[in-house]
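Residue numbers (the working numbering), protein chains in the order written: chain R, 45 to 513; chain G, 45 to 513. Ideal Cβ placement from N, Cα and C applies to all residues, glycine included. Down below is the structure, laid out as C-alpha cells.
Protein chains: 2
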Amino acid sequence: MMDIVTELTPIFYPGSIAVIGATNAESSWGKYRLQALIDMGFPKLYPVNPEGSEVLGLQGYSSVKQIPEDVDLALVSVPRSAVPSVVRECTEKGVKGVSIFTAGYSEAGPEGKAFEEEIVGIARTGITRLIGPSSAGIYNPSAKVTAHPDSPKESGCLALISHSGYLTDDFVRTAAARGMACSKVVSCGNECDLTAVDFLEYLGEDSETKIIAAYLEGMKDGRRFFRLARTLSPRKPIVLWKGGVSQEGARYAISHTGALAGASRVWDAVCSQTGIVRVDSFEQLMDVLVALYRLPLAEGRRIGVICSPGGFAVATCDACVALGLTMAQFSEYTRERLAKVMLPPVGTIPGNPVGLSPVSAFIPGVYRNTYETVLQDENIDMFLVALCTVEVEDDSTLAMLGELLTPMAARKPVVVATTAPEDITLPQYRWLAEKGIPVYRDPRAAAIALAKLAEYSDFVRSCGEPVNG
Amino acid sequence: MMDIVTELTPIFYPGSIAVIGATNAESSWGKYRLQALIDMGFPKLYPVNPEGSEVLGLQGYSSVKQIPEDVDLALVSVPRSAVPSVVRECTEKGVKGVSIFTAGYSEAGPEGKAFEEEIVGIARTGITRLIGPSSAGIYNPSAKVTAHPDSPKESGCLALISHSGYLTDDFVRTAAARGMACSKVVSCGNECDLTAVDFLEYLGEDSETKIIAAYLEGMKDGRRFFRLARTLSPRKPIVLWKGGVSQEGARYAISHTGALAGASRVWDAVCSQTGIVRVDSFEQLMDVLVALYRLPLAEGRRIGVICSPGGFAVATCDACVALGLTMAQFSEYTRERLAKVMLPPVGTIPGNPVGLSPVSAFIPGVYRNTYETVLQDENIDMFLVALCTVEVEDDSTLAMLGELLTPMAARKPVVVATTAPEDITLPQYRWLAEKGIPVYRDPRAAAIALAKLAEYSDFVRSCGEPVNG
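Set out below in C-alpha cells:
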C-alpha cells in the first residue's frame with residue numbers, strides 16, 4: 045500500500061479532472077461544479093454525461109473511459125443507482141481519486157450502507173481512492189481546484205477537514221472576508237474509503253498548511269486520530285468544532301459510530317491531551333483561526349487592555365478575567381509615564397485597562413504616547429485594543445493605530461475589538477486586517493480568541509517546543 | 045417633591061438647550077455636542093463660553109443667565125473647577141436639567157466626591173436636576189435631542205440606561221444597523237443626583253418605550269430597583285448587561301458601592317425574580333434586543349429548524365438543545381407531507397432539523413412546499429432558519445423566504461441565521477430585517493436569542509399575563 049502523501053498528492057494537485065454528471069439542466073450540480081472549475085481557471089476539464097454532450101463550451105464524453113488522456117480526479121454528481129458503474133469505469137481507467145457528491149448512502153440506512161460497500165469493493169480492484177459519498181469535494185487554490193463558484197483564487201496556510209459539505213464554501217468565503225486564505229479544504233462526506241484521519245495525515249505533511257481546522261461529527265479510527273493529533277499539534281495547531289454533542293444532534297449527524305463518537309467529555313479529554321483547540325460554534329471557529337493565522341504565540345496570559353474609559357473597560361476586563369487571562373500589572377516606569385502622558389484630557393484612567401478618551405486622539409501626542417508607553421511594557425504578554433465608533437471612523441486615528449500596532453503584532457499577540465456596527469466599519473476592519481491586526485466585532489469575542497491562543501501556546505511550551513522559535 | 049415623570053419630561057423633551065463649554069477649539073467636546081444637535085435639527089440652541097463667542101454660526105453667551113429665554117436643558121463640558129459656578133448659574137436661571145459631561149468626580153477619589161456633593165448641594169437650592177457628572181448625556185430622536193454626531197433621526201421603542209457613556213453612541217448606531225430605532229437613551233454617569241433607577245421609573249411610564257436595555261455596573265438603591273423591575277418587566281422587557289462582575293472589572297467600574305454592586309450571583313437571583321433578561325456581552329445584548337424588538341413572545345420552547353442538510357443541521361441542533369430549547373416533534377401530517385414534497389432532491393432529510401438542500405430552491409415547488417409544510421405545524425413554537433451563502437446570495441430564494449416567513453413572524457418567533465460572510469451579505473440581512481425577520485451571524489447566536497426570548501415569555505406567563513395578548 046502506498047503512503048497517504050503519494051496517494052493524495054495527485055488528487056489534491058490533479059493534472060486533469062472529469063466532471064461526471066455535468067449536463068445542461070438548470071439544476072445540474074455537475075454543471076455547477078464545472079462552472080466553478082472554469083471560473084477558477086483549471087485547464088484540463090472533461091464533462092461526462094450519458095449523451096456525451098458539450099457543456100459550457102467544453103467537449104463532452106459519454107464515459108470517463110472515452111477521455112483520450114489520463115484523468116487524476118473525477119467529480120461525480122449522478123443518481124445513486126448510476127454511481128457503481130461510474131466508479132467501475134473510473135477504476136478501469138486508473139483515475140487516482142473519485143469525489144462523490146451524490147448522497148443517500150450509509151446516512152440513509154442499511155440499503156445505502158450496502159451501496160457504499162459495493163463501490164468500495166469496486167475501487168479496491170484498482171488504485172482508485174474514493175472521497176465521500178455525500179462530499180462537497182476538495183478546494184486547493186494553488187492547483188486551481190474547487191467545488192464552488194466564486195471561490196477565492198489566492199492560496200494561504202489554512203486547511204479545513206469537514207464532515208459538513210455546505211460548511212466548506214462558507215468557511216472559505218468567511219476566511220477570505222477576514223483576511224485569511226486557504227491551502228486545502230476537504231469535505232469528507234461519509235468516508236466510505238478516505239477518512240478525516242487520512243486527510244489529517246496528508247495535511248500534516250503538506251508544506252502549504254500551517255493551521256488545520258476541523259468540523260467533525262464522529263470518528264472512524266479514534267486511536268490513529270489521537271496519535272496523529274498529538275504528533276502534529278505542537279507544530280501545526282488543530283482547531284476542532286465538534287458537531288453532534290447533543291443526543292438530538294448526534295442523531296442527525298451522519299453518524300459513523302466510531303469509538304469516539306458522541307460524548308462531549310471524551311472529546312474534552314482528547315483535546316486537552318493532544319493540544320487540540322476546541323471551539324463550539326462557527327463564529328468562534330473563525331475568531332480563533334484569525335488569531336492563529338495572524339499572531340505569534342503568547343509568552344503568557346498577562347493582558348494589557350486599551351479602550352475608552354468606563355463601561356467598555358469594565359466589560360472587557362470582566363471578559364478577560366472570566367476566560368482565564370490575567371490583567372497585567374504595569375511596570376513602575378509604565379505607570380509613571382502614563383500618569384504624565386495621559387494627564388491632559390480629563391476622563392482618562394492610567395490603569396489597566398487604560399481608559400483612553402477618544403477625543404484625546406485630537407490632542408497632539410496623548411494618543412500616540414499612551415500607546416507607545418503601554419506597548420513597550422515587558423510585563424504584558426498580549427494586547428487588546430477596544431475601539432468605539434468615533435475612533436474607527438476617524439482615518440487619521442486609524443492610520444496611527446496601524447502604524448503603532450503592526451510592528452508589535454509581529455512580536456506579541458495584538459487584537460482590536462470594536463462595538464461599532466459592521467455596516468459602517470467593514471472597510472476599516474479590512475484595512476486593519478491587511479496590516480496584520482485581527483479585528484473582532486466584540487471585546488468578549490476577542491478575549492475568547494486570545495484565551496484560546498494562550499491555551500495553545502501553553503500546550504506548545506509543555507511539549508518543550510520553543511514558542512515563536 | 046414632584047413625581048419623576050413631571051420632572052424628567054422637560055429634560056427629555058426640552059424646548060431649548062444651552063451648550064455650556066462650546067468653544068471654537070478643535071478638541072472642544074462642547075462644539076462636538078453642539079454640532080450633533082444642529083445635525084439633528086434641534087431648533088433652539090445657545091452656545092455658552094467665557095467670551096460669549098459665536099460658535100458654528102450660533103450667537104454665543106458668556107453665561108447661561110444671559111440667555112434671553114427659558115432654558116430646559118444645559119449640557120456642560122467645562123473643566124471640573126468651573127462646574128460648580130456653572131451649576132449655580134443654571135440653578136439660579138431655573139434650568140430643569142443639567143447634563144454634565146465633565147469627568148473626574150467620585151470615580152477619581154475623595155476630592156472628586158467632595159466636588160459632587162458641592163454641586164448637588166447647589167442644585168438642591170432650586171428645581172434643577174443633575175445628570176452625571178461623567179455622563180454622555182441623553183438621546184431622544186422624537187425631540188431631536190442627541191449627544192453624538194450622525195445620530196439616527198428615526199425614533200422607535202427601544203430605550204437604554206447606561207453606566208457607560210461611550211456605549212450609548214455604539215448602541216444607537218448598532219441598533220440602527222440592525223433595524224431598530226430608539227425611544228430614549230441616557231448615560232447616567234456618576235449619578236450624583238438622578239440615578240439609573242429614576243430613569244427606569246421614567247421609561248416605565250414613557251409611552252414610546254416598549255423595551256428597556258440597561259448596562260449597569262453598581263446600583264445606588266437596590267430595593268427600589270428590584271420593586272420597579274418586578275412591576276415593569278411583565279409589560280416591558282428589561283435586558284441587563286451587568287458590568288464589573290469580576291473583581292478586576294469591579295475595581296475599574298465607577299463603583300457606587302450600593303447594596304447590589306459586585307456579586308454576580310446576587311444579580312442572577314435578582315434577574316430570575318424580576319424577569320430581567322440577563323446577557324453577558326455587547327453582541328448578546330444586541331442579539332436579544334433584536335428578537336424582543338421584532339418578534340412575538342414564544343408559546344413554548346419547541347423549536348423547528350430548517351437548514352442545509354449535514355453539519356449545520358447537527359450544529360444548530362446541538363446549540364438549541366444546549367440552550368434549553370426542545371427539538372419539536374412534527375405532527376404526523378407534517379412528517380408525511382415532508383416525505384412527499386422533499387423527495388426529489390437526494391440529500392434532503394425530512395426530520396427536525398429539516399435538511400433542505402440549497403439546490404432544491406431551483407426545483408419548482410420543493411423549497412416553497414417544504415417551508416409551507418413546516419410553518420403550518422402547530423407543534424412548533426418557534427422557527428430557526430439557517431442559510432448558507434448560496435441561498436443568501438440568490439435573490440429569488442431570498443424573496444421567497446421573505447414572503448413565506450414575514451406573515452409567520454407576526455404570530456410566532458422566526459429568525460434567520462447564516463454563516464455567510466457579512467461583507468457579502470449585509471444588503472440581504474438588511475432586506476430580511478426590514479421584512480421583520482431578525483438575522484443572526486451564527487446559528488448559535490440565533491439560538492441564544494430565542495432561548496432568552498423563551499425565558500422572558502415563561503416569566504410573563506408565570507405572572508399570569510397573557511402572552512402576545
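Query: Residue environment, residue 293(R), which counts as buried when at least 16 other CB atoms sit within 10 Å; Result: buried
Query: Residues near residue 211(G) in its chain [Cβ-Cβ closer than 7 Å; skip 5 each side]; Result: 259
Query: Per-residue burial, residue 394(G) [other beta carbons within 10 Å of its own, 16 or more giving buried]; Result: buried
Query: Residues near residue 199(G) by beta carbon distance below 8 Å, same chain, minus five either side; Result: 184, 185, 186, 225, 226, 227 and 252
Query: Rounded Cβ spacing between residue 238(G) and residue 174(G) (contact assumed at less than 8 Å); Result: 6 Å
Query: Where residue 147(R) sits in the DSSP three-state scheme; Result: coil
Query: Distance between residue 127(R) and residue 316(R) (C-alpha atoms, nearest Å); Result: 41 Å
Query: Cβ-Cβ separation, residue 278(G) to residue 108(G) (assumed contact under 8 Å), whole Å; Result: Not really, about 42 Å apart at Cβ, beyond 8 Å.
Query: Per-residue contacts from residue 217(R) into chain G (C-beta, under 8 Å); Result: 433, 464, 465 and 468
Query: Stretch pair the segment 376-386 of chain G + the segment 407-416 of chain G: three plus CB contacts closer than 8 Å; Result: yes
Query: Residue-chain proximity (residue 176(G), chain R), Cβ-Cβ < 9 Å; Result: no
Query: 9 Å Cβ cutoff met for residue 516(R) and residue 222(R); Result: Missing from the structure shown is residue 516(R); chain R here goes from 45 to 513 and no further.
Query: Three-state secondary structure (DSSP) of residue 91(R); Result: strand
Query: Residue 465(R) (DSSP reduced to helix, strand or coil); Result: coil
Query: Assigned exposure category for residue 512(R) - 16 Cβ within 10 Å defines buried; Result: exposed
Query: Separation of residue 182(G) from residue 55(G), as counted between CA atoms; Result: 9 Å
Query: Environment of residue 47(R) [buried if 16+ CB atoms lie within 10 Å]; Result: exposed
Query: Helix, strand or coil at residue 56(G) according to DSSP, with G and I counted as helix; Result: helix
Query: Any C-beta of chain R under 9 Å from that of residue 439(G); Result: no
Query: Interface residues of the segment 467-497 of chain G facing chain R [CB-CB below 8 Å]; Result: 467, 468, 470, 474, 485, 486, 487, 488 and 489
Query: Minimum Cβ-Cβ distance from residue 222(R) to chain G less than 9 Å; Result: yes
Query: Chain-ordered residues of the segment 237-249 of chain R with a beta carbon less than 8 Å from chain G; Result: none
Query: Cβ pair residue 144(G), residue 233(G) closer than 9 Å; Result: yes
Query: Alpha-carbon spacing of residue 381(G) relative to residue 344(G), whole angstroms; Result: 24 Å
Query: For residue 426(R), the three-state DSSP class (helix, strand or coil); Result: strand
Query: Residue environment, residue 500(G), which counts as buried when at least 16 other CB atoms sit within 10 Å; Result: buried
Query: Between the CA atoms of residue 435(R) and residue 103(R) - distance to the nearest angstrom; Result: 56 Å
Query: Residue 254(G): first and last residue of the uninterrupted beta strand (DSSP E) it sits in; Result: Here residue 254(G) belongs to no beta strand (DSSP E), and DSSP marks it neither H nor E.
Query: Coarse secondary structure for residue 264(R), derived from DSSP in three states; Result: coil
Query: Residue-level contact to chain G via CB, residue 326(R), 9 Å cutoff; Result: yes
Query: Residue 305(R) - DSSP class collapsed to helix/strand/coil; Result: Low confidence applies to residue 305(R): its pLDDT is 49, below 50, so where it sits in the model is not reliable enough to give any reading.
Query: Beta-carbon neighbours of residue 208(G), restricted to chain R and to distances below 7 Å; Result: 354, 355 and 356
Query: Cβ distance (whole Å) where residue 196(R) is taken to contact residue 79(R) below 8 Å; Result: Rounded, the Cβ-Cβ distance is 16 Å, inconsistent with contact.
Query: Residue 163(G) versus 443(G), 132(G) and 189(G), residue with shortest Cα-Cα distance; Result: 132(G)
Query: Chain G residues whose Cβ lies nearer than 7 Å to that of residue 290(R); Result: 361, 362, 365 and 366
Query: Which of helix, strand or coil DSSP assigns to residue 315(R); Result: helix
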